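A.B. asks: Provided herewith is a single structure, encoded as structure tokens, for subsequent inquiry.
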Amino acid sequence: MEGQVGGVESAFRGLARLRGAPALHPDGLTCAADLEVTDGGRGRWGVPWLDRPGHHAATARLSRAAGLPWRLPDGLGLAVRVDDADGAGKPLDLLFTSSGRGTLTRHLPLPRADVLAGPYSSLLSYRVGGRPSLLAALPRRSRRLPVHGDPTSVARALRAGPLVFDLCAEAAGRAFWRPFAVLTVHTALPIPAKQSADFDIYERDARQFTPGPALAAVRRAAYRGSRAGRK
124 MEGQVGGVES
134 AFRGLARLRG
144 APALHPDGLT
154 CAADLEVTDG
164 GRGRWGVPWL
174 DRPGHHAATA
184 RLSRAAGLPW
194 RLPDGLGLAV
204 RVDDADGAGK
214 PLDLLFTSSG
224 RGTLTRHLPL
234 PRADVLAGPY
244 SSLLSYRVGG
254 RPSLLAALPR
264 RSRRLPVHGD
274 PTSVARALRA
284 GPLVFDLCAE
294 AAGRAFWRPF
304 AVLTVHTALP
314 IPAKQSADFD
324 IYERDARQFT
334 PGPALAAVRR
344 AAYRGSRAGR
354 K
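The numbering of the sequence shown is the numbering used here, which starts it at 124 and goes up by one.
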């Protein structure tokens, strides 16, 4: 296992160095956003930041995993940093990938060409209030024309209005999603497409809201390699 982890780190470091950008999701649009933690009336989560409804400033990055031409389907990414989620100076990072809708396919990446055409998932479960739970970002379809995942297309769409996502957690042992926040992505920031805020769900988690152990060592190695390759 140690050798495999080292191999993953080396591979991601080399790919990031070659691209001069993150190994995956090399080109993305970084945006200012707002996140509103909502009270769905279904009881407490047992998670401090979810049990305090309110507003947070946030940063979001929308991207394409392989960096394919915009007309082709690609794994679409939505990375979110929630300011002060777990208290002052304690941000929370969330990473979502375009996925299927079913109880099995929501764990699998699904290439798409339209940012608003379907759900995004954390793919692997979190521990939410002590219970395993997948996370999802469900886009609200606010326009007829597709919004492609490349930076130019997303910036053009934002000039016509914000992109809104309902953030949800999978109810324990159930197939339905329980909403916990609304993410409104509203303004493109003047940050180069190949620059990322080094989103890392392991370095920036929250009390009672942490990534599960599945593939943790491999994912940490991938993050390390991608960061090292860009330096």
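Don't be surprised by glycine CBs; every beta carbon is placed ideally from N, CA and C.
In this text, all values refer to a predicted model and were calculated from it rather than measured experimentally.
Go ahead and pull the three-state DSSP assignment for T226.
C.D. replies: coil
A.B. asks: Considering only the beta carbon of each residue, do V308 and L286 sit closer than 8 Å?
C.D. replies: Yes, the Cβ-Cβ distance between V308 and L286 is below 8 Å.
A.B. asks: For S221, which option in G212, L215, L246 has the closest C-alpha, if you only look at C-alpha atoms?
C.D. replies: L246
A.B. asks: My assumption, with CB atoms under 8 Å, is that L215 sits in contact with A208. Please give the rounded CB distance.
C.D. replies: 4 Å
A.B. asks: Compute the Euclidean distance between the alpha carbons of L261 and L239, then round it to the nearest angstrom.
C.D. replies: 8 Å
A.B. asks: Count the other CB atoms within 10 Å of the CB of A181; is the residue buried (16 or more) or exposed (fewer)?
C.D. replies: With a threshold of 16 other beta carbon atoms within 10 Å, A181 meets it and is buried.
A.B. asks: Measure how close the beta-carbons of H179 and L152 come, nearest whole angstrom, since I'm counting them as under 8 Å.
C.D. replies: About 20 Å separates the two Cβ atoms, so there is no contact after all.
A.B. asks: Given a cut-off of 8 Å on the beta-carbon distance, is the pair T333 and Y249 in contact?
C.D. replies: yes
A.B. asks: Would you grab the beta carbon distance between G163 and R301 for me? Rounded to a whole angstrom, and I think it's under 8 Å.
C.D. replies: 6 Å
A.B. asks: Excluding five sequence neighbours on each side, which residues of the same chain lie with their C-beta closer than 8 Å to the C-beta of D150?
C.D. replies: Take D150, set aside five residues on each side of it, and the residues of its chain with a beta-carbon closer than 8 Å to its own are A144, S186, R187, G190, D273, P274, A316, K317, in chain order.
A.B. asks: Could you tell me whether the Cβ atoms of C154 and A311 are closer together than 8 Å?
C.D. replies: yes
A.B. asks: Using three-state DSSP, classify S276 as helix, strand or coil.
C.D. replies: helix
A.B. asks: In angstroms with no decimal places, state the Cα-to-Cα distance between W193 and R235.
C.D. replies: Approximately 10 Å, taken between the alpha carbons.
A.B. asks: Measuring alpha carbon to alpha carbon, tell me which residue in R167, A156, T161, V160 is nearest G252.
C.D. replies: Minimum Cα distance to G252 is reached at R167.
A.B. asks: For L281, does the three-state DSSP call read helix, strand or coil?
C.D. replies: helix
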